[in-house]
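Residue numbers (the working numbering): 13 to 453.
To keep things clear, I will list the structure first and then write my remarks on it.
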Ligand code: DOR
């Protein structure tokens, strides 16, 4: 029987402990029991030990996604808890927070408990439901946050819809603060975005499509920051997309207001020009913006103004996407592509590797109060092993998610999750199929 797993001579990267060294990491009974140069030298010969050795591999703390849509209950054809968590594990995630815009909306103890129970029974990676801010996400009456928290919710959000009413938002911040729950806002003034298909700019004009102006995000973030300051609550902005919102957040942080934010891989990598061919895979909410926004988001992520990266994994089926742009549902899948896509920004020098890992581990853990994943003696064994040199081409048909809606199909990437471990259990391991092998250089 295997009693220990040894990661032999890996480059271990743990920004929270300033660790970046070639070491052995030993895992026993769900915990990391040894970290050090050649620390497992005398263990590797034992037949009770599984040795994982891969030249040049990196070992990181398991990743945390603050923002995924797992579609259960109500749209299990697009995704469900089991497939979503499989995709998460394949992407290197060990903690997934799932948004409440399901059918029914997760505004109740019973839905939260169902999600927690399903995930627990699967025994893969951990699921943390996010409850709704308002009943039915209608923006009117506050949901019963005490019940949500008690059942396992780690935050509240009406994601997909914005809480536009200032009085409701004020009360939501006050009420959530009493349970120490962060309020995650989908910042969109719906009055300014009615009928919008994409970012309002030169491309929307050219295509003759109604635009979603940046200011619809900015006015909500500005108001919410003022409200959060006034009532002293924890406020988090989902999928920040504009340079204006970045400016407001920078100012808020400088003044010590408890505001945090996340950015998605697609907003860091694509602009509204991706819509020039009317590709519904590029329709997302908030929309893809302009090069100057992308630049501002990248800088803000690098300097910590934007705290975390979140996937906004939003699976949709062909019936939602293989239609004309105006009819198409917004959203892109993200769990399995996040890390490989963003490693490209590290190679380009946009982001340091340690900041990338921090934005996917410690920073999101802090937003929702989860244990910070670490690589050190005694830590819970939540780990992801990455081959940084493996080159592959994104083929949506080969992903674990049930949906295929990605604008990155056919993109060449470098860097691949080889193994994900959650509490000492191997929850994902790279398949060894011939056409799955890294392409030769
Ligand atoms: O693109 C998006 N898709 N943005 C959202 O806010 C919601 C999400 C979804 O649920 O599909």
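Backbone N, C-alpha and C fix where the C-beta goes; we use that ideal spot for every residue, glycine too.
Since the structure is predicted, the reported quantities are computational estimates derived from the model, not experimental observations.
Among the options, nearest to residue i - alpha-carbon criterion
| i | options | result |
| --- | --- | --- |
| residue 321 | 309, 329 and 327 | 309 |
| residue 206 | 189, 225 and 220 | 225 |
| residue 71 | 415, 385 and 413 | 385 |
| residue 466 | 112, 126, 179 and 132 | This structure cannot speak to residue 466, because the chain is shown only from 13 to 453. |
| residue 351 | 315, 377, 52 and 276 | 276 |
| residue 390 | 239, 312, 43 and 38 | 43 |
| residue 105 | 443, 432, 438 and 441 | 432 |
| residue 330 | 158, 291 and 318 | 291 |
| residue 20 | 426, 415, 397 and 82 | 397 |
| residue 318 | 353, 261 and 303 | 261 |
| residue 163 | 24, 139, 335 and 152 | 139 |
| residue 84 | 60, 167 and 95 | 95 |
| residue 424 | 355, 374, 58 and 176 | 355 |
| residue 268 | 284, 286, 285 and 241 | 241 |
heavy atom of ligand 1 below 7 Å from residue i C-beta
| i | result |
| --- | --- |
| residue 389 | no |
| residue 324 | yes |
| residue 296 | yes |
| residue 341 | yes |
| residue 113 | yes |
| residue 171 | yes |
| residue 81 | yes |
| residue 140 | no |
| residue 198 | yes |
Counterpart residues of residue i in DSSP-defined beta bridges
| i | result |
| --- | --- |
| residue 260 | Residue 260 is not bridged to any residue. |
| residue 110 | 80 and 141 |
| residue 320 | 274 |
| residue 223 | 210 |
| residue 146 | 154 |
| residue 432 | 396 and 440 |
| residue 48 | 36 |
| residue 43 | 40 and 392 |
Rounded distance between the beta-carbons of residue j and residue i, thought under 8 Å
| i | j | result |
| --- | --- | --- |
| residue 116 | residue 86 | 7 Å |
| residue 197 | residue 249 | 6 Å |
| residue 295 | residue 327 | With a Cβ gap of about 14 Å, residue 295 and residue 327 do not count as contacting. |
| residue 121 | residue 160 | 7 Å |
| residue 243 | residue 185 | 5 Å |
| residue 174 | residue 199 | 6 Å |
| residue 108 | residue 102 | Wrong, their Cβ atoms sit about 12 Å apart, outside the cutoff. |
| residue 377 | residue 436 | In fact, because the Cβ distance is near 19 Å, the residues do not count as touching under 8 Å. |
| residue 409 | residue 428 | Wrong, their Cβ atoms sit about 17 Å apart, outside the cutoff. |
| residue 195 | residue 152 | About 16 Å separates the two Cβ atoms, so there is no contact after all. |
- Task: Could I get the ranges of all uninterrupted alpha helix (DSSP H) runs contained in the stretch 148-214, with 4 residues as the minimum, in chain order?
- Result: 157-163, 178-190 and 202-205
- Entirely within the stretch 368-427 and at least 4 residues each: give me those alpha helix (DSSP H) ranges in chain order. 374-380
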